[in-house]
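A short write-up of the structure that comes next.
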Amino acid sequence: MNELVIVVVEDDPDVRAAIVRDLDSFADGIRIDQADTVDDARRAMAEADADGDRVGLILADHRLPGESGVDLLVSINADPELRTIRTVLITGQAGHEDTIRAINEAGLDWYFAKPWDPDELVSVVKQQLTTFVIEAELDLLRFVRVLDGPRLLEQYARHTRPD
Amino acid sequence: MTRFVIIVVDTNRADGDDLARELRELLTGSADVDVVTDVETAQQHAEVIEAQGGLIPVTFVDVDLADRLSANVIRLHDAPALSRTKNVVVTSKASLRGADAALQRGAVHGMITRPWSREGLRAQLVANLAAFMIEHARDQLDDFGELLDADTRDRARTRILQQRAATRHRPTSTPLLLDSSITDTEIEARMVELFDRALGHPPRIRVAPGTTLIEAGEDVGGIYVVLDGIVRLSTRTDGGEHILHERSTGAIIGLLSLASHRRAMLQCRAVTEVRAVPITLDQLAEALGAEPELASLLTRVLVSSLARRLRRSDELQMELDQSLAALSEARAQLVASARFAALGEMAAGMAHELNNPTAAIIRATQHLVDDVAAVVADDGVREHMKEQIDATPMSTSTLRALRRDLTDSLADRVLADRLIDIGYTSLDEARVAASMDDAQLTQLEQAARLGRSLQVITGAAEHVQSLVGSLRAYSRGEDGQNAMADDVDVVAGVDDALRLLSHRMGEVDLHREVEPVAGVTARPGELQQVWTNVLTNALDAMHGRGRLSVVVGPVGTDRVAVRVIDDGQGIPPELCERIFEPRFTTKGTRVEFGLGLGLSISRQIVEDHGGSIRVDSAPGRTEFTVELPTGERHE
Chain R
3 MNELVIVVVE DDPDVRAAIV RDLDSFADGI RIDQADTVDD ARRAMAEADA
53 DGDRVGLILA DHRLPGESGV DLLVSINADP ELRTIRTVLI TGQAGHEDTI
103 RAINEAGLDW YFAKPWDPDE LVSVVKQQLT TFVIEAELDL LRFVRVLDGP
153 RLLEQYARHT RPD
Chain U
3 MTRFVIIVVD TNRADGDDLA RELRELLTGS ADVDVVTDVE TAQQHAEVIE
53 AQGGLIPVTF VDVDLADRLS ANVIRLHDAP ALSRTKNVVV TSKASLRGAD
103 AALQRGAVHG MITRPWSREG LRAQLVANLA AFMIEHARDQ LDDFGELLDA
153 DTRDRARTRI LQQRAATRHR PTSTPLLLDS SITDTEIEAR MVELFDRALG
203 HPPRIRVAPG TTLIEAGEDV GGIYVVLDGI VRLSTRTDGG EHILHERSTG
253 AIIGLLSLAS HRRAMLQCRA VTEVRAVPIT LDQLAEALGA EPELASLLTR
303 VLVSSLARRL RRSDELQMEL DQSLAALSEA RAQLVASARF AALGEMAAGM
353 AHELNNPTAA IIRATQHLVD DVAAVVADDG VREHMKEQID ATPMSTSTLR
403 ALRRDLTDSL ADRVLADRLI DIGYTSLDEA RVAASMDDAQ LTQLEQAARL
453 GRSLQVITGA AEHVQSLVGS LRAYSRGEDG QNAMADDVDV VAGVDDALRL
503 LSHRMGEVDL HREVEPVAGV TARPGELQQV WTNVLTNALD AMHGRGRLSV
553 VVGPVGTDRV AVRVIDDGQG IPPELCERIF EPRFTTKGTR VEFGLGLGLS
603 ISRQIVEDHG GSIRVDSAPG RTEFTVELPT GERHE
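Protein chains in written order, with the numbering used here: chain R, 3 to 165; chain U, 3 to 637.
Here it is, written out as structure tokens:
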């Protein structure tokens, strides 16, 4: 496995740029791929898979041309190979029904309303990716600097020194 | 030659003189008409006339005090000199209350209300004069010449024969209730005949339009058999008078009250001049005893009267239901309309308030560009920043491909990310930059970000400004009034609505075909409501995909048409008209802007503007056409 990848799915280039910029602190250690539609996001995931990279988190806007962000997250949750991927929805004005569907059917891990708080965004992405890294049993030490170090170290200790 | 005298008893001298003058004209000298003002004088006068060998065939009695009417007439009737005289009661009261006792005693032979018609007065005079003459002075019938013609004499004679036969009992047993070959009119005529026979020709009364025959809530002294004229049954509530029956009243008035403790439920009032036979309760009992056939006639009349009223009541119920439904629709439409207007006002107000800050942001951003450029010392960095302000963002797939190539070529993904962030879009450019030191890279990176941020701010502010411009069209008018404006630009209005609905477009493929059109005279805010409703309706049917055509062009020389064509599932033909009805919606429980009233309100607005709205739908093609007259309009 080469790199841990976050896929940001957002059709508005300005908003996408702003999200990527807010996630700048992960750049050194985690790659951020951008996609502007659900199809494009699936291509990005396939590319990552082909390169031996591992998608750990998808941050999707709800309203996209064609399939919606919720559609994407639902399909990921329905795929046994992909369902470990952490899912975060970020949306301007999703209706109540869409939000409920995202939580019930997409196993949504977090929900942001626009405009998001950048500190909260960073903190949520950090926690969700840390959970992914632990559950996927990746090389924990590799992410101590960029993700939740203490949590990773504690997990590492528990694993290497079993009672 | 016998002297005939008609006595007019009137408490009001002038009224009595009027009546006397009229009677003299009718009598043309064949009888004298004397006027007195009270019952005592009348009695004394009658004695004098009798003593002189004169006859008094008829008195006209006008004593306006209702509570003393019966008593006065009875006193008159009881006077020996007047015992054979026919008494016609004249009343200017719009009610017949108080005459019951006199009718019962047989002291009243006719009744007429003020203002009398000449025809009515003549009828009463002739009928009673003829009756008196045949009974008491048959030899002198000719004295009255033309006034008592042969017909009149025959009728009077028949009546008197009936009167004499009244005491005799003649049983009949016609099964009338189920005999549909006999009309109501025939039944009524037969009833009158039987009443005449049983009661010795009870008097006919003739009342002026507006006369109250029975007052609601009061005891009913008897019934009225209506011979001709229309009687209205009505009831009074806080909301005014409610007419319940007019055509459906029936020929017998007061009969139903007998079933409710003799208390009248409704007011009975003459609409036209009404001729009727009053029958008191005792008379009714007497007649029923004497003529058993009357009972079955009454039953038949009662049943058909009830049936008629029930039908009328059913009609009223239906009318009521329809009115209530229409009322509730109208109310819902008003509420929705008011809501839209309020939202439009608020939006326009917001737009107004947002205009200044947005303009400030756009101006400040331009100043920021100039000032930051001036502050940056390094020419290369400054130029790079300016380039990034106008740079077009790469597509996400191009971006990912470029990064992969760069990562492969530099064997450093983090460095590749930085170079892309700086804005290099080709491998060659990026390879050159890869040799720069970290401080240089950082400076370029920051300049690029600065440039892109300025681009974002400008772009976002301009977007807000265009939305704000569109929202202002939803305002009621320049001065906040819902006023007509000349030369309203239909194309601009449709464009504004499209802009504000852009969030609903999804993958919809919009085709906009516009020809130049003349302005319309309209309330701009209301027209925006129409465009918004029609476009929203189309977008609802399209579920975020397909082709939406918006076509604006002239029709003839004096109209403009806006056509909105979607390729949604279409509207079934049987629903095409109904979609313009209030409350009609195929949107299930979704609450949209118009609450299911959008198209109904649109039609109302368009028609108010002298235009038309129609729909033409087939599966895969639904076309809404709004046509409006162009040019100035005079309301």
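Glycine included, each C-beta is placed from N, C-alpha and C at the ideal position.
None of the values given here were measured: they were computed from a predicted structure.
TODO: Using a cut-off of 9 Å between C-beta atoms, extract the partners of U/Pro-395 located in chain R.
DONE: Pro-15, Asp-16, Arg-18 and Ala-19
Open item on the list: Checking 7 Å against the spacing of the C-beta atoms, do U/Gly-231 and U/Val-276 come in under that value?
Closed with: yes
TODO: Alpha carbon to alpha carbon, how far is U/Asp-20 from U/Leu-28? Give it in angstroms, no decimals.
DONE: 13 Å
Open item on the list: Taking 6 Å as the limit between beta carbons, can you name the residues of its chain near U/Val-209, skipping five residues before and five after?
Closed with: Thr-115, Ala-272 and Val-276
Open item on the list: Can you confirm whether the region 36-53 of chain U touches the region 143-154 of chain U when touching is taken to mean that 3 or more C-beta pairs between the two stretches lie within less than 8 Å?
Closed with: no
Open item on the list: Does chain U have any CB closer than 7 Å to the CB of R/Asp-30?
Closed with: yes
Task: Minimum C-alpha distance to R/Val-17 - residue among U/Gly-555, U/Trp-533, U/Thr-93 and U/Ser-455 - done: U/Ser-455
- [ ] List the residues of chain R whose Cβ lies closer than 7 Å to the Cβ of U/Asp-419, in chain order.
- [x] Ala-29
- [ ] Could you tell me whether the Cβ of U/Leu-597 comes closer than 7 Å to any Cβ of chain R?
- [x] In this predicted model, U/Leu-597 has a pLDDT of only 39, less than 50, meaning its place in the structure is not dependable; the value taken from the coordinates is given anyway. So, not an interface residue.
Task: C-beta atoms of R/Gln-130 and R/Leu-59 nearer than 7 Å - done: yes
Task: DSSP-derived helix/strand/coil call for U/Thr-43 - done: helix
Open item on the list: Applying the 10 Å Cβ sphere with the 16-neighbour rule, what's the burial state of U/Ser-619?
Closed with: buried
TODO: With 9 Å as the C-beta to C-beta threshold (strictly closer), list the residues of the region 110-123 of chain R near chain U in chain order.
DONE: none
Open item on the list: Quick check: the Cα distance between U/Gly-453 and U/Glu-389, rounded to an integer number of angstroms?
Closed with: 8 Å
Task: Supposed contact pair U/Val-60 and U/Asp-34 - C-beta distance, whole angstroms, cut 8 Å - done: So it is not a contact: roughly 12 Å between Cβ atoms.
TODO: Using the Cα positions of U/Asp-36 and U/Ala-158, report the straight-line distance between them to the nearest angstrom.
DONE: 25 Å
Open item on the list: Can you tell me where the alpha helix (DSSP H) holding U/Trp-533 begins and where it ends?
Closed with: 526-544
- [ ] From the DSSP output, read off the bridge partner residues of U/Ala-272.
- [x] U/Val-233
Open item on the list: Determine whether the beta carbon atoms of U/His-251 and U/His-244 lie at a separation below 7 Å.
Closed with: Checking the displayed sequence, the identity of residue 251 of chain U turns out to be Thr instead of His. No, these two residues do not count as a Cβ contact at 7 Å.
Task: Spatial distance of U/Trp-533 from U/Ser-399 (CA atoms) - done: 38 Å
Task: Local Cβ density within 10 Å of U/Arg-206, reported as buried at 16 or more and exposed below that - done: buried
TODO: Buried or exposed for U/Thr-632, please, with buried defined as at least 16 other CB atoms from any protein chain shown within 10 angstroms of its CB.
DONE: buried
Task: Partners in chain R for U/Ser-399, counting only beta-carbon separations shorter than 7 Å - done: Asp-42 and Arg-45
Task: Distance CB(R/Leu-91)-CB(R/Ala-62) smaller than 7 Å - done: yes
Open item on the list: Does chain U have any CB closer than 7 Å to the CB of R/Gly-68?
Closed with: yes
Open item on the list: For chain U, check one thing: does any of its Cβ atoms lie closer than 7 Å to the Cβ of R/Ala-62?
Closed with: no
- [ ] Name the two residues that bound the continuous beta strand (DSSP E) containing U/Gly-122.
- [x] No beta strand (DSSP E) contains U/Gly-122, which is instead part of the alpha helix (DSSP H) from 120-138.
Task: Contact test: U/Leu-356 Cβ vs the ligand HEM heavy atom, cutoff 6 Å - done: Ligands are entirely absent from the displayed structure, and the ligand HEM is therefore not among its contents.
TODO: Measure the C-alpha to C-alpha separation of U/Ala-485 and U/Pro-526 and round it to an integer number of angstroms.
DONE: 8 Å
Open item on the list: Nearest by alpha-carbon distance to U/Val-227: which of U/Gly-461, U/Val-10, U/Ile-281 and U/Ser-119 is it?
Closed with: U/Ile-281
Open item on the list: My assumption, with CB atoms under 8 Å, is that U/Val-91 sits in contact with U/Ala-101. Please give the rounded CB distance.
Closed with: 6 Å
Open item on the list: Give the list of continuous alpha helix (DSSP H) stretches no shorter than 4 residues that lie fully inside the region 5-81 of chain U.
Closed with: 15-29, 41-53 and 68-80
TODO: Tell me, to the nearest whole angstrom, how far the beta carbon of U/Val-222 is from that of U/Arg-264; I am working on the premise that it is less than 8 Å.
DONE: 5 Å
TODO: For U/Asn-641, count neighbouring C-beta atoms within 10 Å of its own C-beta (all shown protein chains included) and say buried if the count is 16 or more, exposed if not.
DONE: The structure shown does not extend to residue 641 of chain U, since chain U is modelled only from 3 through 637, so no value can be given for it.
Open item on the list: Does any residue of chain U have a CB that is nearer than 7 Å to the CB of R/Gln-130?
Closed with: no
- [ ] Taking C-beta pairs closer than 7 Å, name the residues in chain U that R/Arg-33 reaches, listed in chain order.
- [x] Arg-415
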